[in-house]
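Student:
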Amino acid sequence: MFVLFTLLIITGGCGRAKDESAKSQPPAQTTGATTEQVTTATTKNETDIPASSADPRKGMAAKISDFSYDLDGDGTDETVELHTQAERSSDGNIAWDDGQSWLLVVVNGDNYYPLLNQFVQLGRVYFSVWSNDNNKANITAAVITGSGVNLRNYTYNGDTNSFASQELFDIGGMNVLFSSMPDY
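Numbering (our numbering), first residue to last: 1 to 184.
1. Spell out the partners DSSP gives Lys63 in its beta bridges.
2. From Gln100 to Asn175, what distance separates their C-alpha atoms?
3. Can you tell me which of the three DSSP states Leu71 falls into?
4. In the DSSP assignment, find the beta strand (DSSP E) that holds Arg152 and state where it starts and stops.
5. Can you find the residues in the same chain that come closer than 6 Å, C-beta to C-beta, to Ser162, ignoring five residues on each side of it along the sequence?
6. Run the proximity test for Thr155: is its beta-carbon closer than 7 Å to any non-hydrogen atom belonging to the ligand GDP?
7. Alpha carbon to alpha carbon, what distance is there between Tyr112 and Ala54?
8. Grouping DSSP H, G and I as helix and E and B as strand, with all else coil, what is Leu122?
9. Under a three-way DSSP split, which group does Gly172 fall into?
10. Just list the residues that DSSP pairs Tyr113 with in beta bridges.
11. Should the segment 117–136 be regarded as contacting the segment 73–82, the criterion being three or more beta carbon pairs within less than 8 Å?
12. Would you decide whether Pro182 is buried or exposed? Buried here means 16 or more other CB atoms lie within 10 Å of its CB.
13. What residue from Val143, Ser180, Leu177 and Ser65 has the CA that sits closest to Glu167's CA?
14. Beta strand (DSSP E) containing Ile144: first to last residue?
15. Quick check: what's the CA-CA separation for Ile94 versus Arg88?
16. In this structure, what does DSSP give as the bridge partners for Pro50?
17. According to DSSP, simplified to helix, strand and coil, what is Gly185?
18. To the nearest angstrom, how far is it from the Cα of Asp66 to the Cα of Ala164?
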């Protein structure tokens, strides 16, 4: 439900969302018109992200957001932090460049789980923390650029003391004309 809501917000904001019924019918051809190729959402599993004692926040200049919640079910809150390499000016605003490194990390005492650590060109990173019907905590990250959208979900795996990463949605080769996603 959460993922569907997130996808609706993201695709609805770009002003180019397609009607679902259009996927099952061939597109109408008009003289001189070209057809767009529809890229479907894919779901694929990735490797687990183990705990590390090395702090990955070194080199990150600004903490954008954080949220504390018991992600591993041990009764103690962990903290999810979103950082960027872009620096804050003296007035508190972030000095964005055309691209910067981003870090989404779970901090659990002296252990760090770097969920997302990547350079994002002409885009932003957002995250949500939510729980399903079984009260299992989930972290969903959205990387939104001018040419693509990627959604990835992370859940804690107590058997391996790691976070399982699952790609929920990845579409590229598009040109975002508008998004209602707030800027930092």
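In this text, a Cβ means the ideal position worked out from N, Cα and C, and glycines have one as well.
Tutor: Concretely, from the data shown:
1. Locating residue 63 in the sequence shown gives position 63, where the first residue counts as 1. His83.
2. Mapped onto the sequence shown, residue 100 falls at position 100. Mapped onto the sequence shown, residue 175 falls at position 175. Approximately 20 Å, taken between the alpha carbons.
3. Here residue 71 is taken as the residue at index 71 of the sequence shown, counted from 1. Residue state, collapsed to three classes: coil.
4. On the sequence shown, residue 152 is found 152 positions in, with the first residue counted as 1. Gly148 to Asn157 is the span of the beta strand (DSSP E), which, as asked, contains Arg152.
5. If you number the sequence shown from 1, residue 162 lands on position 162. So the list reads Asp48, Ile49 and Pro50, once near-sequence residues are dropped.
6. Of ligands this structure carries none, so the ligand GDP is not represented either.
7. Along the sequence shown, one-based indexing puts residue 54 at 54. Along the sequence shown, one-based indexing puts residue 112 at 112. Rounded to whole angstroms, Ala54 to Tyr112 spans 7 Å at the Cα level.
8. As a working note, residue 122 is residue 122 in the sequence shown. Three-state DSSP puts Leu122 in coil, outside helix and strand.
9. Here residue 172 is taken as the residue at index 172 of the sequence shown, counted from 1. Residue state, collapsed to three classes: strand.
10. The sequence position of residue 113 within the sequence shown is 113, counting from 1. BP columns for Tyr113 point to Val106.
11. yes
12. As a working note, residue 182 is residue 182 in the sequence shown. Result: exposed.
13. Here the question's residue 167 lines up with position 167 in the sequence shown. The candidate whose alpha carbon is nearest that of Glu167 is Val143.
14. Within the sequence shown, residue 144 is the residue found at index 144, counting from 1. Ala137 to Thr145 is the span of the beta strand (DSSP E), which, as asked, contains Ile144.
15. Looking up residue 94 in the sequence shown gives position 94. Looking up residue 88 in the sequence shown gives position 88. Distance between the alpha carbons of Ile94 and Arg88 is about 4 Å.
16. For the purposes of this step, residue 50 is taken as the residue at position 50 of the sequence shown. Looking at the DSSP assignment, Pro50 forms a beta bridge with Ser162.
17. Any property of residue 185 remains undetermined from this structure, which presents the chain solely from 1 to 184.
18. Position 66 of the sequence shown, counted from the first residue, corresponds to residue 66. Position 164 of the sequence shown, counted from the first residue, corresponds to residue 164. The straight-line gap from Cα to Cα measures roughly 20 Å.
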